[in-house]
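Scroll down for the structure; my scribbles are underneath it.
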Amino acid sequence: MASENKPHPRGKTVAESETVQFQVVMPPHLNGYGKLFGGQLAVWIDTVAGIVARRHCGGKITTAAIDNLRFHEPVAQNEMLVLHGRMTHVGRTSMEVRVESRVEDSSGNRRLINTAFVIQVALDGNDRPTPVPPLILETDEEREAFARGEKRRRFRKLQNAYF
Ligand SMILES: CC(C)(COP(=O)(O)OP(=O)(O)OC[C@H]1O[C@@H](n2cnc3c(N)ncnc32)[C@H](O)[C@@H]1OP(=O)(O)O)[C@@H](O)C(=O)NCCC(=O)NCCS
């Protein structure tokens with residue numbers, strides 16, 4: 001089968017793939033103590049990151065790694081979660097997506113409960129890594145996030161030697 005990923009000569013901006021997803025915590029999402037199950041949050045994070053990556057590369061992707069899955073506070077049934085995914089860095093075939101998860105209360109105030117970095121890899125028709133479009137950086141914040149992404153990428157390579 002031919003590659004699903006189409007070449008993108010110009011590249012894509014961060015805004016073109018940015019994705020926000022809302023979730024309400026319901027009974028099937030709870031652990032034995034009645035709080036949001038961490039594995040469920042990981043599913044939602046991975047899903048949002050996958051959507052961002054697919055919108056950026058325009059084709060098939062797979063998750064290579066999820067970094068920094070630390071749970072700052074419990075989330076209760078019926079609370080509303082807002083997951084915000086943005087492309088922070090691209091390599092040759094890999095894409096780093098930052099997903100911030102917040103609880104939104106009834107007044108619209110949001111509190112951050114998790115920040116994760118998900119590495120997605122673009123795949124060709126043979127399920128082998130394939131090049132991704134460049135990331136067009138439009139703001140100082142995006143340039144700063146990209147520079148930090150470079151550092152995380154070097155850090156991951158060092159870390160991989162120990163796993
Ligand atoms: C991800 C996968 C396609 C990488 O294949 P590979 O043969 O290691 O390919 P490469 O060595 O060419 O790596 C491809 C890219 O992925 C990156 N990568 C691979 N493993 C990584 C890891 N553990 N963490 C971060 N990045 C990783 C590489 O740095 C490279 O990025 P670059 O092209 O931007 O430089 C392969 O390991 C795989 O299919 N894993 C299973 C994925 C899966 O099933 N996910 C679902 C969750 S269970």
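Residue numbering for the sequence shown follows my numbering, beginning at 1 and increasing consecutively.
Where a beta carbon is used, it is the ideal one built from N, C-alpha and C, also for glycine.
This one's a predicted model, so the numbers in the text were calculated from it and none came from an experiment.
1. Please look up how many angstroms separate the CB atoms of GLU138 and ILE119, rounded, as I've assumed it's under 8 angstroms.
2. Along the chain, where does the alpha helix (DSSP H) that runs through ASP140 open and close?
3. Could you tell me the alpha carbon to alpha carbon distance between LEU81 and GLN159, rounded to whole angstroms?
4. Beta-carbon separation of ILE136 and LYS12 under 8 angstroms?
5. Counting C-beta neighbours from all protein chains within 10 Å, is the total for PRO28 16 or more, i.e. buried, or is it exposed?
6. Can you tell me which of SER106, GLN40, ARG153, SER107 puts its alpha carbon nearest to the alpha carbon of LEU69?
The structure says:
1. About 23 angstroms separates the two Cβ atoms, so there is no contact after all.
2. 140 to 160
3. 31 angstroms
4. yes
5. exposed
6. If you compare the alpha carbons of SER106, GLN40, ARG153, SER107 with that of LEU69, the shortest gap goes to GLN40.
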